[in-house]
Amino acid sequence: MSENSTELSLEQVLERARMRDPHQPEFHQALHEVLQWVVPFAASRPVYNHPALFSKLTEPERIIQFRVPWTDDDGQEHISRGYRVQFSSVIGPCKGGLRFHPSVNLSVLKFLAFEQVFKNSLTGLPMGGAKGGADFSPKGRSDAEIMRFCQSFMTGLYNHIGPETDIPAGDIGVGSREIGYLFGQYRRITGTFSGVLTGKGEAFGGSILRPEATGYGLLYFTKEMLDAAGKQMDGIRVLISGSGNVAQFACRKAIEMGAKVLSMSDSDGYIFKEEGLTDEDLDFIMELKNEKRGRIKACQEAFACSWYEGTPWRHGAKAGLALPCATQNELDADDARTLIENGLLAVAEGANMPCTEKAVKLFHKHQIPFAPGKAANAGGVSVSGLEMSQNSIRMSWSAERVDDELHRIMHDIHEKCRSFGETDGSINYEKGAAIAGFIKVADAMIAQGHV
Ligand code: NDP
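Mapped onto this note's numbering, the consecutive letters of the sequence shown carry residue numbers -2 to 448.
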């Protein structure tokens, strides 16, 4: 698509992105998932019907790539690659997590940052979208190695972030321990104590309920979805994947709401418990994953459950709800078919883009309510936004206040999805979230001129 083209077409927008960066499949997938709904909407409205607006929307403002040298406990020197993709600061300073995982590359980070722009817009808070990280695997590394890595990573990044410009948070492989080390190094290098990261410990400016926020928010959103479809949360059988931050608190809230959580997983396999996991089982899993950094398979020796290789989706268990909370593209079309055959009522993405496009198509075809991550998992970044507010005014809010705000934000996101995604009594959450997220960002872009 030329810059001067006057015709807005989905294929041309996507073709331009494919031509510019041919080796970024995850980014192209994320573009298609959003723009398939947004482009037809924009094409019918003169104010948005401009190809140049879409060139801007799909091109990051800035990408920073840097070398991260670190030394392991045996004295071996390593070089990892660090990144920060600042996709859009048009509605607020850039905001989005950092991921430490061997699969991190520009395609993955551009997809995550692009999604983050729409997600942050949906929250109603003044936050632009970004994502960053490194192709470093924290698995099996000692505490001292993690600390040295975080310090070196922040040394490469600190000059490009700040409380008014870009405020990173955690993601896969970056939890409260890593955020603590990153914050410490930022404070040391800059000599400032500021709200430059969210997900901090409560003792140094973190918000209460930030660790819980993504998982809890996911369940608040899911309850709204089930209510809208006339279905009950109480007693529903749930399959959860992952056993990290999002999965743990999704499981906790699901149990509290009366659901029966049948599974959790890690990258080796999954555990399955027909009677449903208890709070005590979850306590064990949290200690195993957060303190001992062990594998989910070890649950077999601790309580009555079975362990299998693979993901929980093809287990063949009767389940009404699927909450994928591990990673992108972890639930494919075959998984979707198995879930549908076994009584699936709704799917809500705790992870970012965990369902493949073919899987999502099947959910739509069978009229199964499907909530994309940018809506369903927005609770985490929302409470990060609240952490920024608390840091700015140097106050800490109570758990009750933060939880009330989280409830309100998830309810508002559900209403936005309904406003733009409802036809004939059923809600297309993918369409509603994409269009509602787009409008705020596009309006701000138009108002701010060609910058
Ligand atoms: P964690 O690192 O805490 O946990 C990730 C979990 O997913 C672990 O159980 C991990 O298993 C599993 N996992 C990671 N990669 C793979 C893979 N390739 N195949 C199978 N399992 C895998 O991350 P989070 O819980 O923070 O994040 C999970 C998802 O939620 C991500 O998509 C993230 O972008 C998204 N998200 C997170 C938010 C947050 O606030 N943390 C906010 C919004 C979205 P193992 O231990 O074996 O690596």
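Glycine included, C-beta positions come from ideal geometry on N, C-alpha and C.
Is residue i helix, strand or coil by DSSP?
i      : result
Val65  : strand
Arg207 : helix
Ser379 : helix
Asp478 : This structure cannot speak to residue 478, because the chain is shown only from -2 to 448.
Lys257 : strand
Phe111 : helix
Arg59  : strand
Ala396 : helix
Leu336 : helix
Gly177 : helix
Gly434 : helix
Tyr45  : coil
Asp409 : helix
Lys428 : helix
Ser6   : coil
Val171 : strand
Thr195 : coil
Phe367 : strand
Ala444 : helix
Val101 : coil
Relative to the C-alpha of residue i, which residue among the options is closest?
i      : options                           : result
Glu253 : Gly130, Gly273, Gly192 and Ala299 : Gly273
His98  : Gly137, Gln83 and Asp71           : Gly137
Ile143 : Gly130, Arg174 and Gly125         : Arg174
Asp265 : Glu427, Thr187, Ala27 and Glu306  : Glu306
Gly227 : Asp400, Ser423 and Leu7           : Ser423
Leu216 : Glu12, Phe435 and His411          : His411
His20  : Glu288, Asp140, Val344 and Phe108 : Phe108
Asp401 : Tyr213, Ile164 and Gly172         : Tyr213
Cys454 : Glu288, Gly188, Pro90 and Val65   : The structure shown does not extend to residue 454, since the chain spans only -2 to 448, so no value can be given for it.
Arg207 : Val378, Val10 and Phe417          : Val378
Leu176 : Gly192, Glu4, Ala27 and Phe111    : Note on identity: in this sequence residue 176 is Ile, with Leu being the wrong assignment. Ranking the options by Cα distance to Ile176, first place goes to Gly192.
Ala396 : Asp280, Gly79, Lys437 and Glu199  : Glu199
Ala356 : Leu336, Arg17 and Asn242          : Leu336
His157 : Ser134, Thr187 and Val10          : Thr187
Leu194 : Gln387, Phe417, Gly418 and Ser416 : Gln387
Phe435 : Glu277, Asn425 and Lys413         : Lys413
Asp409 : Gly291, Tyr267 and Met222         : Met222
Asp331 : Val344, Ala316 and Thr353         : Thr353
What does DSSP give as the partner residues of residue i in its beta bridges?
i      : result
Ser238 : Pro321
Gln88  : Reading off the sequence, residue 88 comes out as Ile, not Gln. Answer is none; Ile88 lacks a bridge partner.
Arg78  : Arg64
Asp163 : Cys91 and Gly159
Arg96  : Gly130
Glu277 : Per DSSP, none; premise fails for Glu277.
Phe269 : Ser260 and Ser303
Thr420 : Ser423
Rounded C-beta distance between residue i and residue j? I'm assuming under 8 Å.
i      : j      : result
Trp310 : Leu328 : 5 Å
Tyr45  : Ala439 : 6 Å
Leu5   : Pro48  : 5 Å
Check whether the segment 232 to 245 touches the segment 307 to 325, counting contact only when three or more Cβ pairs, one atom from each stretch, lie closer than 8 Å.
Contact annotation: the segment 232 to 245 touches the segment 307 to 325, with at least three C-beta pairs closer than 8 Å.
For the segment 178 to 186 against the segment 359 to 375, are there 3 or more C-beta pairs whose distance is under 8 Å?
Contact between the segment 178 to 186 and the segment 359 to 375 is absent, because fewer than three Cβ pairs lie under 8 Å.
Counting Cβ pairs closer than 8 Å, one from the segment 104 to 121 and one from the segment 144 to 160, do we hit at least three?
no
Looking at C-beta atoms only, is the number of pairs between the segment 118 to 132 and the segment 87 to 101 that lie closer than 8 Å three or more?
yes
Counting pairs of beta carbons, one from the segment 62 to 80 and one from the segment 29 to 44, are three or more of them closer than 8 Å?
no
Just checking, does the segment 160 to 168 make contact with the segment 85 to 94 on the three C-beta pairs under 8 Å criterion?
yes
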